[in-house]
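Beneath this line is the structure, given in structure tokens, with notes to follow.
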Amino acid sequence: MNALAPGGHIDQSAQIVPVRIAVLSVSDTRDEETDTSGHVLAKRITDAGHQLAAKTIVKDDVQQIRGQIRAWIASGDVDVIITTGGTGITGRDVTPEAVEPMFDKKIDGFSVVFHLVSYQSVGLSTLQSRATAGLIGGVFVFCLPGSNGAVKDGWDKVISAQLDSRHGPCNMVELMPRLLEK
């Protein structure tokens, strides 16, 4: 499942450091039963040895998205939040509008790498995604499209390696203790 980028490696002699990850599905039409991309992501998170700290669904609504993210960050119980859905270009797709103004720092490279990976799967249709990532209050936030394929590509080929403490030459887990440094 974990397709490493060129130059990346996993130190098999080391133990993985589990990360607490919350999944936020953004959709006007999905419920817990029909939220397939949220279920795909949750399974991959636990299969990778991480803790699924929380999983919920909110409507395509800026205030609902921001409210849930703020609540999880304030709880201190999550290290990473991954959203699925709402990153497209239709009128109801508002996840980037909700999340990007909250970023303390934007992780520009995530969108670039995600689109490179996505292009290999869906070609120029990747242009319709506004996948984004950043830091909010010392928590990594990744916003993925809501399709199962995009979630698989985003997790399997980008996010999972950076959330694997054994990944070299560097990873985001080793940065977590320093994210709130002044």
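Numbering (the numbering used here), first residue to last: 595 to 776.
We put the CB at the ideal spot given by N, CA and C, even for glycine.
Owing to the predicted nature of the structure, the values given are computational and were not obtained by experimental measurement.
Residue range of the unbroken beta strand (DSSP E) whose run includes Ala647: Gln645 to Val652
7 Å CB neighbourhood of Ala597 in its chain, flanking five on each side removed: Confidence at Ala597 is low in this model, with a pLDDT of 49, below 50, so the placement of that residue should be treated as unreliable; the coordinate-derived value is given next. Excluding residues within five positions, the ones whose Cβ falls inside 7 Å are Asp750 and Lys751.
### Task
Starting from Ile667, follow the alpha helix (DSSP H) in both directions and report where the run begins and ends.
Val656 to Ser669
| request: For Met595, count neighbouring Cβ atoms within 10 angstroms of its own Cβ and tell me buried if that reaches 16, exposed if not. | output: Residue placement at Met595 cannot be trusted, given a pLDDT of 42 that sits under 50; the coordinates are not used to answer.
* **Length of the line joining the Cα atoms of Lys653 and Val707** => 27 Å
Task: DSSP-derived helix/strand/coil call for Gly685 - done: coil
ask   = What distance in whole Å lies between the Cβ atoms of Thr726 and Glu694, which are believed to be in contact at a cut-off of 8 Å?
value = 6 Å
Check: Ile753 lies in the alpha helix (DSSP H); which residues open and close that run?
Finding: It is not in any alpha helix (DSSP H) - Ile753 carries neither H nor E in the DSSP assignment.
In this structure, does DSSP put Met595 in helix, strand or coil?
Summary for Met595: the model assigns pLDDT 42, below 50, so the residue's position carries little reliability; its value from the coordinates is reported in the next sentence. Here Met595 sits in coil by DSSP.
Original post:
Between Leu757 and Met766, what straight-line distance do the alpha-carbon atoms span, to the nearest angstrom?
Top reply: 6 Å
Problem - Sufficient close CB pairs (3 or more, under 8 Å) joining the stretch 701-717 to the stretch 600-618 - result: no
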